[in-house]
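For the sequence shown, counting from 1, position 9 maps to 9 in UniProt numbering; every step adds exactly one.
Yeah, the Cβ is synthetic: ideal placement off N, Cα and C, and Gly gets one too.
Okay, so here's the structure we're looking at.
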Amino acid sequence: MPDVELRELRVFLVLAEELHFGRTAGRLGLTTSRVSQTVRALERKLGGQQLFRRTSRVVELTVAGRALHAELVPAVAALERVLRTATFRGAGPGVVRVGLLNAASGVDVLSRAIERFEAAYAGASVQLSTTPFDDRLGPLRRREVDLVVTRLPLDQPDIVVGPVLSAADQRVVMVGRTHPLAGRADLSVEDLADHDVRRPYGLTAEAAEATCPARTPSGRQIRFVDAAVDDNAELLYLLARGRLVHPTVAPFAEHFQHPDVVAIPLRDLPPSSCALAGLRDVEDPARDAFVDIVDALSSA
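Given below as C-alpha coordinates:
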(Lines of atoms letter the chains of each structure in order from A and count residues from 1; the text may use other names and numbers.)
(Lines give C-alpha, C1' and ligand atoms only; values in the text may rest on other atoms or scores of the structure.)
Protein backbone atom coordinates (compact mmCIF):
# COMPACT_ATOMS: atom_id res chain seq x y z
CA MET A 1 0.00 0.00 0.00
CA PRO A 2 1.56 3.34 -1.00
CA ASP A 3 2.52 5.68 1.84
CA VAL A 4 0.40 8.60 0.62
CA GLU A 5 -0.16 11.58 2.92
CA LEU A 6 -3.45 13.46 3.25
CA ARG A 7 -1.74 16.75 2.39
CA GLU A 8 -0.64 15.26 -0.96
CA LEU A 9 -4.20 14.28 -1.74
CA ARG A 10 -5.42 17.78 -0.86
CA VAL A 11 -2.86 19.31 -3.24
CA PHE A 12 -3.99 16.93 -5.97
CA LEU A 13 -7.68 17.74 -5.44
CA VAL A 14 -7.18 21.50 -5.45
CA LEU A 15 -4.98 21.36 -8.56
CA ALA A 16 -7.58 19.15 -10.26
CA GLU A 17 -10.16 21.86 -9.52
CA GLU A 18 -8.05 24.90 -10.44
CA LEU A 19 -5.92 23.38 -13.25
CA HIS A 20 -3.43 26.14 -12.48
CA PHE A 21 -0.33 25.81 -10.30
CA GLY A 22 -0.33 29.47 -9.22
CA ARG A 23 -3.96 29.50 -8.09
CA THR A 24 -3.49 26.17 -6.33
CA ALA A 25 -0.47 27.50 -4.47
CA GLY A 26 -2.41 30.61 -3.46
CA ARG A 27 -5.33 28.62 -2.08
CA LEU A 28 -3.10 26.28 -0.10
CA GLY A 29 -0.55 28.84 1.09
CA LEU A 30 2.30 27.07 -0.73
CA THR A 31 4.80 28.00 -3.40
CA THR A 32 4.22 26.81 -6.96
CA SER A 33 7.41 24.74 -6.79
CA ARG A 34 6.10 23.04 -3.63
CA VAL A 35 2.84 22.19 -5.41
CA SER A 36 4.79 20.72 -8.33
CA GLN A 37 7.05 18.70 -6.01
CA THR A 38 4.05 17.33 -4.13
CA VAL A 39 2.32 16.23 -7.33
CA ARG A 40 5.48 14.53 -8.60
CA ALA A 41 5.87 12.76 -5.24
CA LEU A 42 2.28 11.53 -5.40
CA GLU A 43 2.76 10.30 -8.96
CA ARG A 44 5.86 8.33 -7.89
CA LYS A 45 4.00 6.76 -4.94
CA LEU A 46 1.21 5.67 -7.29
CA GLY A 47 3.56 3.68 -9.49
CA GLY A 48 4.78 6.45 -11.74
CA GLN A 49 1.36 7.31 -13.20
CA GLN A 50 1.11 10.75 -14.76
CA LEU A 51 -1.87 12.49 -13.18
CA PHE A 52 -1.63 15.82 -15.02
CA ARG A 53 -0.59 16.76 -18.52
CA ARG A 54 1.41 19.97 -18.30
CA THR A 55 2.44 22.37 -21.05
CA SER A 56 3.50 26.01 -20.95
CA ARG A 57 -0.13 27.04 -21.35
CA VAL A 58 -2.35 24.20 -20.17
CA VAL A 59 -2.72 21.95 -17.15
CA GLU A 60 -5.22 19.12 -17.54
CA LEU A 61 -6.00 15.80 -15.91
CA THR A 62 -4.89 12.62 -17.64
CA VAL A 63 -7.17 9.57 -17.85
CA ALA A 64 -5.49 8.23 -14.70
CA GLY A 65 -5.88 11.61 -13.02
CA ARG A 66 -9.59 11.79 -13.81
CA ALA A 67 -10.14 8.28 -12.45
CA LEU A 68 -8.26 9.07 -9.24
CA HIS A 69 -10.14 12.35 -8.81
CA ALA A 70 -13.53 10.66 -9.20
CA GLU A 71 -12.73 8.17 -6.44
CA LEU A 72 -10.87 10.54 -4.15
CA VAL A 73 -13.44 13.33 -3.85
CA PRO A 74 -16.01 11.36 -1.82
CA ALA A 75 -13.33 9.39 0.06
CA VAL A 76 -11.38 12.44 1.24
CA ALA A 77 -14.61 14.29 2.10
CA ALA A 78 -15.69 11.35 4.28
CA LEU A 79 -12.26 11.17 5.97
CA GLU A 80 -12.25 14.90 6.66
CA ARG A 81 -15.72 14.63 8.22
CA VAL A 82 -14.50 11.86 10.52
CA LEU A 83 -11.45 13.89 11.54
CA ARG A 84 -13.53 17.05 12.13
CA THR A 85 -15.99 15.13 14.28
CA ALA A 86 -13.18 13.57 16.34
CA THR A 87 -11.51 16.96 16.77
CA PHE A 88 -14.76 18.59 17.84
CA ARG A 89 -15.56 15.87 20.37
CA GLY A 90 -12.10 16.23 21.85
CA ALA A 91 -12.36 20.02 22.09
CA GLY A 92 -15.47 19.95 24.27
CA PRO A 93 -18.74 21.90 23.93
CA GLY A 94 -18.92 24.55 21.23
CA VAL A 95 -21.27 27.28 20.08
CA VAL A 96 -22.11 27.89 16.43
CA ARG A 97 -23.50 31.34 15.64
CA VAL A 98 -25.73 31.48 12.57
CA GLY A 99 -26.98 34.70 10.98
CA LEU A 100 -30.33 34.51 9.19
CA LEU A 101 -31.69 36.62 6.36
CA ASN A 102 -35.08 36.19 8.00
CA ALA A 103 -37.14 33.50 9.66
CA ALA A 104 -38.32 32.24 6.26
CA SER A 105 -34.94 31.16 4.88
CA GLY A 106 -34.35 27.40 4.83
CA VAL A 107 -35.94 26.94 8.25
CA ASP A 108 -36.98 23.31 7.80
CA VAL A 109 -33.49 21.88 7.18
CA LEU A 110 -31.92 24.34 9.61
CA SER A 111 -34.26 23.44 12.47
CA ARG A 112 -33.70 19.72 12.02
CA ALA A 113 -29.93 20.25 11.81
CA ILE A 114 -29.87 22.24 15.04
CA GLU A 115 -31.84 19.52 16.84
CA ARG A 116 -29.53 16.79 15.56
CA PHE A 117 -26.36 18.77 16.27
CA GLU A 118 -27.29 19.58 19.85
CA ALA A 119 -28.34 15.96 20.46
CA ALA A 120 -25.11 14.57 19.00
CA TYR A 121 -22.69 16.81 20.91
CA ALA A 122 -23.31 17.23 24.64
CA GLY A 123 -23.16 20.88 25.65
CA ALA A 124 -22.97 22.19 22.07
CA SER A 125 -25.49 24.76 20.88
CA VAL A 126 -26.50 26.91 17.91
CA GLN A 127 -27.29 30.59 18.41
CA LEU A 128 -29.46 32.31 15.79
CA SER A 129 -29.53 36.01 14.99
CA THR A 130 -30.89 38.14 12.14
CA THR A 131 -28.46 39.88 9.80
CA PRO A 132 -29.19 43.55 8.98
CA PHE A 133 -31.09 44.40 5.80
CA ASP A 134 -28.29 46.63 4.55
CA ASP A 135 -25.33 44.50 5.68
CA ARG A 136 -26.11 40.86 4.97
CA LEU A 137 -22.50 39.61 4.95
CA GLY A 138 -21.02 42.17 7.35
CA PRO A 139 -21.57 40.13 10.54
CA LEU A 140 -19.80 37.17 8.94
CA ARG A 141 -16.82 39.23 7.79
CA ARG A 142 -16.58 40.90 11.21
CA ARG A 143 -16.71 37.39 12.74
CA GLU A 144 -19.79 38.22 14.77
CA VAL A 145 -21.33 35.01 13.40
CA ASP A 146 -19.76 31.78 12.17
CA LEU A 147 -22.20 31.11 9.33
CA VAL A 148 -24.88 33.01 7.44
CA VAL A 149 -27.91 31.84 5.52
CA THR A 150 -27.67 33.60 2.18
CA ARG A 151 -29.45 33.71 -1.14
CA LEU A 152 -27.53 32.37 -4.12
CA PRO A 153 -25.66 33.06 -6.29
CA LEU A 154 -22.79 34.16 -4.06
CA ASP A 155 -19.34 34.58 -5.60
CA GLN A 156 -17.06 36.25 -3.07
CA PRO A 157 -13.38 35.23 -2.81
CA ASP A 158 -13.30 35.25 1.00
CA ILE A 159 -16.50 33.24 1.45
CA VAL A 160 -17.19 29.56 0.81
CA VAL A 161 -20.73 28.44 0.04
CA GLY A 162 -21.84 25.35 1.94
CA PRO A 163 -24.88 23.08 1.77
CA VAL A 164 -28.09 24.28 0.15
CA LEU A 165 -31.00 24.71 2.56
CA SER A 166 -33.70 25.40 0.00
CA ALA A 167 -33.23 24.75 -3.70
CA ALA A 168 -36.43 25.78 -5.47
CA ASP A 169 -38.09 28.82 -3.90
CA GLN A 170 -40.51 30.44 -6.33
CA ARG A 171 -39.85 34.03 -7.35
CA VAL A 172 -42.70 36.43 -6.57
CA VAL A 173 -43.41 40.15 -6.60
CA MET A 174 -45.06 41.72 -3.56
CA VAL A 175 -47.36 44.67 -4.29
CA GLY A 176 -50.06 46.62 -2.51
CA ARG A 177 -53.67 45.54 -3.13
CA THR A 178 -54.41 48.87 -4.83
CA HIS A 179 -51.37 48.68 -7.12
CA PRO A 180 -52.10 48.30 -10.89
CA LEU A 181 -50.35 44.90 -10.91
CA ALA A 182 -52.28 43.48 -7.96
CA GLY A 183 -54.96 41.76 -10.04
CA ARG A 184 -52.59 39.81 -12.28
CA ALA A 185 -52.34 36.02 -12.06
CA ASP A 186 -48.62 36.17 -12.75
CA LEU A 187 -46.00 38.63 -13.95
CA SER A 188 -42.94 38.79 -16.17
CA VAL A 189 -39.85 40.93 -15.74
CA GLU A 190 -41.13 42.99 -18.68
CA ASP A 191 -44.18 43.96 -16.59
CA LEU A 192 -41.94 45.46 -13.91
CA ALA A 193 -40.34 48.01 -16.24
CA ASP A 194 -43.45 50.22 -16.07
CA HIS A 195 -43.34 50.55 -12.28
CA ASP A 196 -41.05 51.65 -9.47
CA VAL A 197 -39.17 48.58 -8.19
CA ARG A 198 -37.49 48.45 -4.83
CA ARG A 199 -33.80 47.97 -5.49
CA PRO A 200 -32.50 44.68 -4.03
CA TYR A 201 -30.92 45.95 -0.87
CA GLY A 202 -27.84 44.72 0.97
CA LEU A 203 -27.12 41.98 -1.58
CA THR A 204 -23.99 41.27 -3.55
CA ALA A 205 -24.10 42.32 -7.20
CA GLU A 206 -24.63 38.77 -8.40
CA ALA A 207 -27.48 38.09 -5.96
CA ALA A 208 -29.14 41.43 -6.76
CA GLU A 209 -29.08 40.70 -10.49
CA ALA A 210 -30.62 37.26 -9.88
CA THR A 211 -33.37 38.82 -7.73
CA CYS A 212 -34.30 41.37 -10.39
CA PRO A 213 -32.23 42.01 -13.53
CA ALA A 214 -31.35 45.62 -14.27
CA ARG A 215 -32.85 45.23 -17.74
CA THR A 216 -35.76 43.23 -19.09
CA PRO A 217 -35.24 40.57 -21.79
CA SER A 218 -36.19 43.17 -24.42
CA GLY A 219 -33.60 45.62 -23.05
CA ARG A 220 -35.83 48.02 -21.11
CA GLN A 221 -34.32 49.56 -17.99
CA ILE A 222 -35.89 48.61 -14.66
CA ARG A 223 -36.89 51.70 -12.64
CA PHE A 224 -35.13 50.90 -9.40
CA VAL A 225 -35.95 52.98 -6.33
CA ASP A 226 -33.62 53.18 -3.34
CA ALA A 227 -35.95 52.47 -0.44
CA ALA A 228 -33.90 51.49 2.57
CA VAL A 229 -35.88 50.05 5.47
CA ASP A 230 -34.86 48.95 8.95
CA ASP A 231 -37.14 45.92 9.21
CA ASN A 232 -39.79 43.88 7.43
CA ALA A 233 -42.69 45.74 9.05
CA GLU A 234 -41.50 48.99 7.48
CA LEU A 235 -41.13 47.28 4.10
CA LEU A 236 -44.70 45.94 4.27
CA TYR A 237 -46.00 49.40 5.13
CA LEU A 238 -44.32 50.88 2.04
CA LEU A 239 -45.75 48.14 -0.17
CA ALA A 240 -49.26 48.52 1.28
CA ARG A 241 -49.23 52.20 0.33
CA GLY A 242 -48.67 51.17 -3.30
CA ARG A 243 -45.52 53.23 -3.75
CA LEU A 244 -43.37 50.46 -5.19
CA VAL A 245 -43.11 46.72 -5.90
CA HIS A 246 -40.78 44.24 -4.24
CA PRO A 247 -39.29 41.21 -6.07
CA THR A 248 -38.58 38.44 -3.57
CA VAL A 249 -39.25 34.72 -2.96
CA ALA A 250 -42.40 32.88 -1.92
CA PRO A 251 -41.18 31.85 1.57
CA PHE A 252 -40.58 35.50 2.45
CA ALA A 253 -44.03 36.54 1.21
CA GLU A 254 -45.67 33.66 3.07
CA HIS A 255 -43.93 34.47 6.34
CA PHE A 256 -44.22 38.26 6.27
CA GLN A 257 -47.80 39.16 5.44
CA HIS A 258 -49.94 42.29 5.50
CA PRO A 259 -53.67 42.47 4.77
CA ASP A 260 -53.05 45.07 2.05
CA VAL A 261 -50.12 43.30 0.34
CA VAL A 262 -50.30 40.42 -2.15
CA ALA A 263 -47.63 38.23 -3.74
CA ILE A 264 -47.77 37.46 -7.47
CA PRO A 265 -45.66 34.71 -9.13
CA LEU A 266 -42.83 35.97 -11.34
CA ARG A 267 -42.85 33.44 -14.14
CA ASP A 268 -39.69 34.13 -16.13
CA LEU A 269 -36.98 33.96 -13.47
CA PRO A 270 -35.59 30.61 -12.28
CA PRO A 271 -36.32 29.43 -8.73
CA SER A 272 -34.10 30.80 -5.96
CA SER A 273 -31.82 28.84 -3.64
CA CYS A 274 -30.43 29.66 -0.22
CA ALA A 275 -27.43 28.09 1.46
CA LEU A 276 -25.11 28.29 4.42
CA ALA A 277 -21.90 30.22 3.88
CA GLY A 278 -18.82 30.86 5.98
CA LEU A 279 -15.42 32.49 5.81
CA ARG A 280 -12.94 30.54 3.73
CA ASP A 281 -9.92 31.06 6.01
CA VAL A 282 -11.56 29.93 9.28
CA GLU A 283 -10.90 26.57 10.92
CA ASP A 284 -13.61 25.84 13.48
CA PRO A 285 -14.45 22.23 14.42
CA ALA A 286 -17.85 23.18 15.84
CA ARG A 287 -18.85 25.08 12.71
CA ASP A 288 -17.64 22.29 10.44
CA ALA A 289 -19.44 19.61 12.45
CA PHE A 290 -22.69 21.56 12.15
CA VAL A 291 -22.18 22.09 8.41
CA ASP A 292 -21.65 18.35 7.97
CA ILE A 293 -25.01 17.66 9.62
CA VAL A 294 -26.76 20.25 7.44
CA ASP A 295 -25.11 18.75 4.37
CA ALA A 296 -26.32 15.25 5.28
CA LEU A 297 -29.90 16.47 5.79
CA SER A 298 -30.02 18.60 2.66
CA SER A 299 -28.63 15.75 0.53
CA ALA A 300 -31.04 13.14 1.88
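Cβ-based burial, residue i [other Cβ within 10 Å; buried from 16]
{"i": "residue 55", "result": "exposed"}
{"i": "residue 147", "result": "buried"}
{"i": "residue 95", "result": "exposed"}
{"i": "residue 298", "result": "buried"}
Residue range of the unbroken beta strand (DSSP E) whose run includes residue i
{"i": "residue 168", "result": "159-169"}
{"i": "residue 127", "result": "125-130"}
{"i": "residue 53", "result": "52-54"}
{"i": "residue 276", "result": "272-279"}
{"i": "residue 224", "result": "223-225"}
{"i": "residue 292", "result": "Run containing residue 292: none in the beta strand (DSSP E); it sits in the alpha helix (DSSP H), 285-299."}
{"i": "residue 196", "result": "196-198"}
{"i": "residue 153", "result": "No beta strand (DSSP E) holds residue 153; DSSP gives it neither H nor E."}
Separation of residue j from residue i, as counted between CA atoms
{"i": "residue 185", "j": "residue 178", "result": "15 Å"}
{"i": "residue 37", "j": "residue 8", "result": "10 Å"}
{"i": "residue 43", "j": "residue 69", "result": "13 Å"}
{"i": "residue 273", "j": "residue 53", "result": "37 Å"}
{"i": "residue 173", "j": "residue 3", "result": "58 Å"}
{"i": "residue 288", "j": "residue 243", "result": "44 Å"}
{"i": "residue 17", "j": "residue 176", "result": "47 Å"}
{"i": "residue 166", "j": "residue 275", "result": "7 Å"}
{"i": "residue 239", "j": "residue 209", "result": "21 Å"}
{"i": "residue 133", "j": "residue 207", "result": "14 Å"}
{"i": "residue 231", "j": "residue 205", "result": "21 Å"}
Residue range of the unbroken alpha helix (DSSP H) whose run includes residue i
{"i": "residue 59", "result": "Unbroken run through residue 59 is the beta strand (DSSP E), 59-61; no alpha helix (DSSP H)."}
{"i": "residue 10", "result": "6-18"}
{"i": "residue 26", "result": "21-28"}
Residues that residue i bridges to, as DSSP identifies them
{"i": "residue 97", "result": "127"}
{"i": "residue 374", "result": "Since the displayed the chain opens at 1 and closes at 300, residue 374 lies outside it and no answer follows."}
{"i": "residue 263", "result": "174"}
{"i": "residue 247", "result": "173"}
{"i": "residue 116", "result": "According to DSSP, residue 116 bridges with nothing at all."}
The ligand NAP heavy atom lying under 7 Å from the CB of residue i
{"i": "residue 72", "result": "Only the bare structure without any ligand can be found here, which leaves the ligand NAP out of the picture."}
| request: Inspect the CB distances between the region 177-193 and the region 206-223 and report whether three or more fall short of 8 Å. | output: yes
| field | Stretch pair the region 77-84 + the region 261-280: three plus CB contacts closer than 8 Å | value | no
| query | With a cut-off of 8 Å, do at least 3 Cβ pairs link the region 278-293 to the region 146-165? | reply | yes
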